[in-house]
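Visitor: I have a structure here, written as C-alpha coordinates, and I will follow up with some questions on it.
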Amino acid sequence: LTSDFVSAPSGISPFTITSSFDQSYFSAGAGMDVLTLGGIDLKLNYDGLFAGHSDANSGGLKVSVKF
(Lines of atoms letter the chains of each structure in order from A and count residues from 1; the text may use other names and numbers.)
(Lines give C-alpha, C1' and ligand atoms only; values in the text may rest on other atoms or scores of the structure.)
Protein backbone atom coordinates (compact mmCIF):
# COMPACT_ATOMS: atom_id res chain seq x y z
CA LEU A 1 0.00 0.00 0.00
CA THR A 2 1.44 3.35 -1.00
CA SER A 3 -0.10 6.53 0.35
CA ASP A 4 0.58 10.08 1.41
CA PHE A 5 -0.97 12.72 3.67
CA VAL A 6 -3.41 15.18 2.11
CA SER A 7 -2.03 18.26 3.89
CA ALA A 8 1.63 17.23 3.90
CA PRO A 9 4.09 20.01 3.05
CA SER A 10 5.69 19.93 -0.37
CA GLY A 11 8.76 17.75 -0.55
CA ILE A 12 7.31 15.00 1.66
CA SER A 13 7.27 11.83 -0.41
CA PRO A 14 4.61 9.08 -0.21
CA PHE A 15 5.20 6.11 2.07
CA THR A 16 4.71 2.39 1.46
CA ILE A 17 3.39 -0.21 3.91
CA THR A 18 3.77 -3.94 3.27
CA SER A 19 2.36 -6.93 5.17
CA SER A 20 2.52 -10.67 4.83
CA PHE A 21 0.02 -13.17 6.19
CA ASP A 22 0.11 -16.89 6.86
CA GLN A 23 -1.47 -18.91 4.06
CA SER A 24 -2.84 -21.79 6.14
CA TYR A 25 -4.38 -21.99 9.60
CA PHE A 26 -5.50 -24.71 12.00
CA SER A 27 -8.80 -24.04 13.73
CA ALA A 28 -9.90 -25.79 16.95
CA GLY A 29 -12.88 -25.36 19.20
CA ALA A 30 -14.45 -26.99 22.22
CA GLY A 31 -17.52 -26.33 24.30
CA MET A 32 -19.45 -27.62 27.25
CA ASP A 33 -23.01 -27.09 28.45
CA VAL A 34 -23.71 -27.59 32.14
CA LEU A 35 -27.40 -27.89 32.96
CA THR A 36 -28.64 -27.73 36.53
CA LEU A 37 -31.97 -28.57 38.09
CA GLY A 38 -32.30 -25.13 39.70
CA GLY A 39 -32.95 -23.42 36.36
CA ILE A 40 -29.39 -22.17 35.86
CA ASP A 41 -27.52 -23.17 32.68
CA LEU A 42 -23.80 -22.64 32.10
CA LYS A 43 -22.16 -22.73 28.68
CA LEU A 44 -18.38 -22.63 28.26
CA ASN A 45 -16.56 -22.44 24.94
CA TYR A 46 -13.04 -22.08 23.54
CA ASP A 47 -11.92 -21.33 19.98
CA GLY A 48 -8.35 -21.22 18.69
CA LEU A 49 -6.81 -20.32 15.34
CA PHE A 50 -3.16 -21.28 14.87
CA ALA A 51 -0.65 -20.51 12.11
CA GLY A 52 3.09 -20.28 11.65
CA HIS A 53 3.38 -16.63 12.71
CA SER A 54 0.12 -15.86 14.48
CA ASP A 55 -2.35 -17.31 16.96
CA ALA A 56 -5.81 -16.18 18.02
CA ASN A 57 -7.59 -17.50 21.11
CA SER A 58 -11.02 -16.75 22.46
CA GLY A 59 -13.29 -18.10 25.11
CA GLY A 60 -16.72 -17.47 26.48
CA LEU A 61 -18.97 -18.08 29.44
CA LYS A 62 -22.72 -17.75 29.26
CA VAL A 63 -24.99 -18.00 32.30
CA SER A 64 -28.75 -18.33 31.79
CA VAL A 65 -31.38 -18.21 34.51
CA LYS A 66 -34.83 -19.50 33.66
CA PHE A 67 -37.79 -17.71 35.20
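Numbers 1 to 67, taken from this note's numbering, label the letters of the sequence shown in order.
Don't be surprised by glycine CBs; every beta carbon is placed ideally from N, CA and C.
Using DSSP's beta-bridge definition, name the partner residues of Y25.
Guide: BP columns for Y25 are empty, so no partner.
Visitor: For K125, does the three-state DSSP call read helix, strand or coil?
Guide: Past the boundaries of the shown model lies residue 125; the chain is included only from 1 to 67, so the question cannot be answered.
Visitor: Per DSSP, what kind of secondary structure is S10 in: helix, strand or coil?
Guide: Reduced to three states, the DSSP call for S10 is coil.
Visitor: Just the C-alpha distance for S27 and S10, rounded to the nearest angstrom, thanks.
Guide: The straight-line gap from Cα to Cα measures roughly 48 Å.
Visitor: Roughly how many angstroms lie between the CA atoms of S54 and D22, to the nearest whole one?
Guide: Distance between the alpha carbons of S54 and D22 is about 8 Å.
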